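This report refers to the structure that appears directly beneath it.
There are 2 protein chains.
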Amino acid sequence: MQRARAGDPRAVARLITLVESGDPALPQIAAALGSDAVKAVVIGITGSPGVGKSTTTNELVRAFRKIGRRVGVLAVDPSSPFTGGAILGDRVRMQDHAIDPGVYIRSMSSRGHLGGLAAATPAAVRVLAGAGCDVVLVETVGVGQAEVEIASLADTTLVLLAPGMGDAIQAVKAGILEIADIFVVNKADRDGADATYRDIQGMIALGGGISGTAQETGDNGGRLPGDWRPKVLKASAAKAEGIDAIVEALEEHRAWLERTGELTRRRRQRAAAEIEALALGELRAKFAELPGEGLQALAAEVADGRLDPYAASTRLLDGIL
Amino acid sequence: MQRARAGDPRAVARLITLVESGDPALPQIAAALGSDAVKAVVIGITGSPGVGKSTTTNELVRAFRKIGRRVGVLAVDPSSPFTGGAILGDRVRMQDHAIDPGVYIRSMSSRGHLGGLAAATPAAVRVLAGAGCDVVLVETVGVGQAEVEIASLADTTLVLLAPGMGDAIQAVKAGILEIADIFVVNKADRDGADATYRDIQGMIALGGGISGTAQETGDNGGRLPGDWRPKVLKASAAKAEGIDAIVEALEEHRAWLERTGELTRRRRQRAAAEIEALALGELRAKFAELPGEGLQALAAEVADGRLDPYAASTRLLDGIL
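Respectively, the protein sequence lines represent chains V and Z.
Residue numbers are given in the UniProt record's numbering: position 161 of the first sequence equals residue 161, and the series is strictly consecutive.
Residue numbers are given in the UniProt record's numbering: position 27 of the second sequence equals residue 27, and the series is strictly consecutive.
The following block contains the structure:
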């Protein structure tokens, strides 16, 4: 633990493995990390497969290193080079950072963890923050509820799109529009980039994706003066173009978060969700352990029509309370 | 309650409205329904918008009426005629059944209910079964986790596809393949129907979508002798073609469920999930009510780094246990 907090990469790796496997020592680890565990800026990077998430992440790591930040990367993307799904080129490029002591890169799998990645990821973010990372980039594939949940653990969420993939529509479907603080149309030199850019601008103008402490209908498309209107940027991460503008937008969003108190609000909301999930997980384990009148016995009675579900729930709670 | 159990449509309607709004009297209602609440055959009907779910549901209602069954329909589909999204033709056709006392049709919305439709739908199914419906058809749009959950409350799940909509691939993505017992390629007279049919057959042959009490890799694509291999049928519901074959497949699946004990297993699993969801909902409400050391206060401490989430979870549980 001491060595992890001093930034020893092997010690950090071991701790994240414990997090992934849902080790019984997690409460002690969490306690030992102390207040450093919340100090990192957490940035979520999401988007459909093929939009260039790992290339963009790679360039962002480079940009943050240039300004002296220590960077952690958690890749929870099955198509990511970190987890083995991508082409060799990406893999090799990422290895540039692998020998940089100021960069910690880690793929996450959900093996063994009770709550899956949605539970393991915030714990891993705390480990990286505790090990001295100033910035933690969490890269996820932007499809499905689980990924939206993981993205929601970030202070700032960056959604990548690529031209001609129908991504703008997909983004709405998957609920990603609501979680995006910054959109990046990557591969901006390709045909259709302008159309994608306009589509997403149009959707934002229609009032989607506005975050703020309150939402009202007004003259400016539902925004209040203190609201954040999602930024839309263009980039070509493979050519390292447009990266500085992304970093600038990230810092602008950070300043907004702090100025408006939204950072505190988001972090408290996340903390509440995490605490509740841990507590409910504990209770679920207790349900399974109840002797006699356990969940399975009650379920059999309900399935047979001998008991109704509400009465069964009451009996279950009586068993643990 | 007496009148609902006797099948009075207005009394049934009132009960389902109470279910939708999460009325405090739900436990008493559930208790009063007694063992009739589990007697109906529950069939889930799902698929993307535009595949012909309501037309197919309509024809299935007709077919079940012809063989003397009392039928309940719960439409939890925003694009369904019952909830206002479809064309007038469908709406009028469904009204044929509206004057049949052996058919009870109801749309479901999630207004007010704590657990949303996923919580309200099983309760509404019990009301319909308690009111004497032999068959309850639950129609949902097959996109998103919530809909998959709702479909999973059925004994048999029927997934509708239509030619040329890329549905086969979508089905895999959305996790629908895993829940389908019967596939119906609707609009089978259209171009591409054969290709869709072959696609879905191919995916089943690759070992997806096999349900059974155990799954092993074997010579027959992962199936064991007692396993159910999803049926794939073609139909043109708008022309009332292929409906008898669907009813036959539904009864065949029913016989399989009963013969193998899978019906009991599925219903117990569903009952366990429902009981647990009710119990966790109660506990979540208790968390919110805790004085002083309540969830919000603990979340603020965790967000500030003064407390770790595990310690906060323990304190939260100490508050209610």
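We put the CB at the ideal spot given by N, CA and C, even for glycine.
Remember, predicted model here, so these are calculated numbers, not experimental data.
Suppose you measure from the CA of residue i to the CA of residue j; what does that come to, to the nearest Å?
i	j	result
residue 270 (chain V)	residue 315 (chain Z)	17 Å
residue 274 (chain Z)	residue 35 (chain Z)	16 Å
residue 3 (chain V)	residue 21 (chain V)	20 Å
residue 241 (chain Z)	residue 230 (chain V)	50 Å
residue 246 (chain Z)	residue 126 (chain V)	53 Å
residue 59 (chain V)	residue 243 (chain V)	7 Å
residue 272 (chain Z)	residue 63 (chain Z)	33 Å
residue 68 (chain V)	residue 47 (chain V)	27 Å
residue 153 (chain V)	residue 44 (chain V)	8 Å
residue 261 (chain V)	residue 228 (chain V)	12 Å
residue 265 (chain Z)	residue 305 (chain V)	14 Å
residue 72 (chain Z)	residue 106 (chain Z)	8 Å
residue 156 (chain V)	residue 296 (chain Z)	22 Å
residue 128 (chain V)	residue 191 (chain V)	39 Å
residue 253 (chain Z)	residue 12 (chain Z)	29 Å
residue 76 (chain Z)	residue 183 (chain V)	33 Å
residue 280 (chain Z)	residue 290 (chain Z)	15 Å
residue 298 (chain Z)	residue 102 (chain V)	33 Å
residue 29 (chain Z)	residue 138 (chain Z)	21 Å
residue 195 (chain V)	residue 187 (chain V)	13 Å
residue 263 (chain Z)	residue 204 (chain Z)	22 Å
residue 65 (chain V)	residue 313 (chain Z)	36 Å
residue 100 (chain V)	residue 302 (chain Z)	31 Å
residue 16 (chain Z)	residue 317 (chain V)	26 Å
residue 136 (chain Z)	residue 248 (chain V)	56 Å
residue 122 (chain Z)	residue 307 (chain V)	15 Å
residue 267 (chain V)	residue 300 (chain Z)	8 Å
residue 285 (chain V)	residue 235 (chain V)	47 Å
residue 197 (chain Z)	residue 141 (chain Z)	20 Å
residue 363 (chain V)	residue 14 (chain Z)	Only positions 1 to 321 of chain V appear in the structure, and residue 363 (chain V) is not among them; the question remains open.
Name, please, each residue of chain Z whose Cβ falls closer than 8 Å to the Cβ of residue i.
i	result
residue 33 (chain V)	308
residue 320 (chain V)	321
residue 287 (chain V)	276 and 279
residue 184 (chain V)	Here the premise fails: no neighbours, minimum Cβ distance about 24 Å.
Using only CA atoms, which one of the options lies nearest to residue i?
i	options	result
residue 232 (chain Z)	Z:310, Z:180 and Z:6	Z:180
residue 189 (chain Z)	Z:183, Z:237 and Z:203	Z:237
residue 239 (chain Z)	Z:255, Z:285, Z:52 and Z:302	Z:52
residue 319 (chain V)	Z:74, Z:184, Z:276 and Z:307	Z:276
residue 330 (chain Z)	Z:45, Z:287 and Z:278	Within the shown structure, residues of chain Z are numbered from 1 to 321, placing residue 330 (chain Z) beyond reach of any answer.
residue 255 (chain V)	V:41, V:32, V:27 and V:107	V:41
residue 199 (chain Z)	Z:228, Z:263, Z:178 and Z:163	Z:163
residue 54 (chain Z)	Z:32, Z:161 and Z:5	Z:161
residue 322 (chain V)	V:250, V:268, V:66 and V:33	This structure leaves residue 322 (chain V) out entirely; chain V is present only between 1 and 321.
residue 6 (chain V)	V:288, V:104, V:253 and V:262	V:104
residue 38 (chain V)	V:301, V:134 and V:156	V:134
residue 31 (chain Z)	V:310, V:13 and V:65	V:310
residue 178 (chain V)	V:186, V:195 and V:158	V:158
residue 108 (chain V)	V:74, V:263, V:312 and V:65	V:74
residue 226 (chain V)	V:205, V:201 and V:258	V:258
residue 97 (chain V)	V:196, V:57 and V:122	V:57
residue 23 (chain Z)	Z:288, Z:140, Z:203 and Z:124	Z:124
residue 373 (chain V)	V:25, V:65, V:130 and V:27	This structure cannot settle anything about residue 373 (chain V), because the visible part of chain V is limited to 1 through 321.
residue 287 (chain V)	Z:287, Z:283 and Z:100	Z:283
residue 50 (chain V)	V:185, V:285 and V:14	V:185
Residues of chain Z with a CB under 7 Å from the CB of residue i: which are they?
i	result
residue 282 (chain V)	313 and 317
Residues of chain V with a CB under 8 Å from the CB of residue i: which are they?
i	result
residue 305 (chain Z)	34, 35, 36, 37, 38 and 39
residue 4 (chain Z)	Simply none; closest approach about 15 Å.
Using a Cβ cut-off of 9 Å, pull out every chain Z residue sitting near residue i, in sequence order please.
i	result
residue 201 (chain V)	Those do not exist, as residue 201 (chain V) stays about 26 Å from chain Z at its closest Cβ, beyond 9 Å.
residue 296 (chain V)	268 and 272
For a contact defined as C-beta to C-beta under 7 Å, what are the partners of residue i on chain V?
i	result
residue 299 (chain Z)	268, 271, 272 and 275
residue 302 (chain Z)	271 and 275
Could you please tell me which residues of the stretch 258–276 of chain Z, in chain order, have their CB closer than 8 Å to any CB of chain V?
264, 267, 268, 269, 270, 271, 272, 274, 275 and 276
For the stretch 18–42 of chain Z, which residues have a beta carbon sitting closer than 8 Å to at least one beta carbon of chain V?
26, 27, 30, 31, 33, 34, 35, 36, 37, 38 and 39
Identify each residue in the stretch 123–135 of chain Z for which the Cβ-Cβ distance to at least one residue of chain V is less than 7 Å, and report them in chain order.
none
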